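The block underneath contains the structure these notes are about, expressed in structure tokens.
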Amino acid sequence: MRQVGRGQLPVVGGQDFLKKVAGIPKRILVTGGGGFLGSHLCERLLCLGHSVVCLDNFSTGRRENLSHLSETSRFQIVEHDVRKPFLFDVDVIFNFASPASPPDYQADPVGTLMTNVLGAMNALENARATGATVVQSSTSEVYGDPLHSPQRESYFGNVNPIGPRACYDEGKRSAETLFFDYHRTYGVKTKVARIFNTYGPRMRPDDGRVISNFVVQALLGKDLTIYGDGHQTRSFCYVDDLIEGFIRLSISDDGCIGPINLGNPGEFTVLELAEMIRTMTGSRSRIVHRAAAVDDPRQRRPDISQAMAELGWEPKVALREGLQRAIAYFDRRLGASDLAVAGEAV
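Dropping the structure here:
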């Protein structure tokens with residue numbers, strides 16, 4: 387375990403309610419803390435005064451996502467594969483470790499499935515041994531290609547268990563099963579959140595998801611590639627909103643175990659998104675269509691009434707505002723050579 391020196395953290399807004407909450411645990415483990423979402427969670431927790439251990443094997447996470455935190459005395463990075471057991475004396479565990487972009491999990495489907503299942507089990511065993519609360523980062527992919535919209539937590543989904551996406555979908559579904567069985571059998575304090583499409587700074591340019599694809603293609607002047615007719619719909623939640631939802635869930639009553647949807651209920655077609663990004667970047671890129679991906683859902687929109695009622699949470703950042711921040715991030719932080727490499731990958 388490596389402890390790094392003291393430094394200055396960035397100021398993160400919208401946290402007044404969190405600072406007023408008494409009895410928040412002070413030592414927190416974030417598995418997958420080097421990833422897009424995990425790094426934002428580590429940053430927010432540190433800004434709130436917690437001590438944070440980031441556990442990551444950096445197979446898909448990036449150390450540069452954490453570089454601005456490396457001088458903070460309350461932050462530690464431990465390089466470790468969650469498929470192997472681990473034990474930390476902490477108050478809360480956030481289990482974020484998993485490949486999440488289609489190119490990553492389809493390149494290693496067996497590893498993805500085992501990371502989700504064994505990673506969940508090892509996080510739960512850590513919580514069982516220490517009495518920690520453990521929060522699972524699940525996904526809207528558990529709903530598959532839904533036949534009902536918006537999706538409520540009570541919906542069992544429409545998932546192909548043997549398709550090319552199944553390693554991720556079924557891995558997350560299996561992890562949820564473990565969380566509820568550990569809660570019922572051993573009394574482990576568990577909470578499960580289902581994440582809908584999330585975007586923002588620190589997404590990889592070669593991430594393979596629709597917003598990063600479109601932004602990179604638009605900045606490079608390449609064709610914006612839509613898989614399918616473009617009428618499939620998605621909802622897009624800005625990363626800051628999502629992280630606040632996770633923190634609210636972690637400090638909620640023990641009876642609030644989920645599963646609970648975290649996402650933005652605003653619904654847009656993929657074609658609308660492409661046109662919006664093209665306009666916002668001032669790009670002259672064409673919009674082109676390719677064959678739809680196997681098992682790609684036609685509609686994805688969360689019902690967040692449970693999150694509103696139990697957590698007092700709803701997203702605040704509108705899509706256009708969030709896209710402005712994401713576009714500025716890619717434009718500012720990525721060099722031309724990096725963008726060119728990413729453009730070849732999307």
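Numbering (my numbering), first residue to last: 387 to 732. Positions of the beta carbon are idealized from the N, C-alpha and C atoms, including for glycine. For clarity, every value in this text was computed on a predicted model and none was experimentally measured.
| Asked | Found |
| --- | --- |
| What does DSSP give as the partner residue(s) for residue 524 in the beta ladder? | 580 |
| My output table needs one value for residue 499: the three-state DSSP class, helix, strand or coil. | helix |
| Decide if residue 564 is buried, meaning its Cβ has at least 16 other Cβ atoms within 10 Å, or exposed. | buried |
| Taking the CB atoms as reference points, tell me whether residue 559 and residue 612 lie closer together than 9 Å. | no |
| Please state the DSSP three-state secondary structure of residue 558. | helix |
| Please classify residue 598: does DSSP put it in a helix, a strand, or coil? | helix |
| Less than 8 Å between the CB atoms is what I'm expecting for residue 526 and residue 600, so what's the real figure, rounded? | No, residue 526 and residue 600 are not in contact; Cβ-Cβ is about 19 Å, not under 8 Å. |
| Closest to residue 413 by C-alpha separation, out of 541, 597, 701, 431, would be which residue? | 431 |
| Give the DSSP bridge partners of residue 675, in chain order. | 612 |
| Only counting the same chain, and skipping five residues up and downstream in sequence, which positions put a Cβ closer than 7 Å to that of residue 692? | 539, 646, 647 |
| Can you say whether residue 556 is buried or exposed, counting buried as having 16 or more other CB atoms within 10 angstroms of its CB? | buried |
| I need the straight-line Cα distance from residue 445 to residue 580, nearest angstrom please. | 23 Å |
| Kindly provide the ranges of any alpha helix (DSSP H) runs that are 4 or more residues long and lie completely inside the region 615 to 702, ordered along the chain. | 625 to 636, 656 to 667, 691 to 697 |
| Cα separation between residue 457 and residue 644? | 35 Å |
| Excluding the 5 residues flanking residue 388 on each side, which residues of the same chain have their C-beta closer than 8 Å to its C-beta? | Legend: pLDDT at residue 388 = 30, less than 50; position of this residue unreliable, value from coordinates given subsequently. Result list for residue 388: 462, 463, 464, in chain order. |
| Evaluate the contact criterion for the region 615 to 634 versus the region 654 to 671: three or more CB pairs, one atom per stretch, below 8 Å. | yes |
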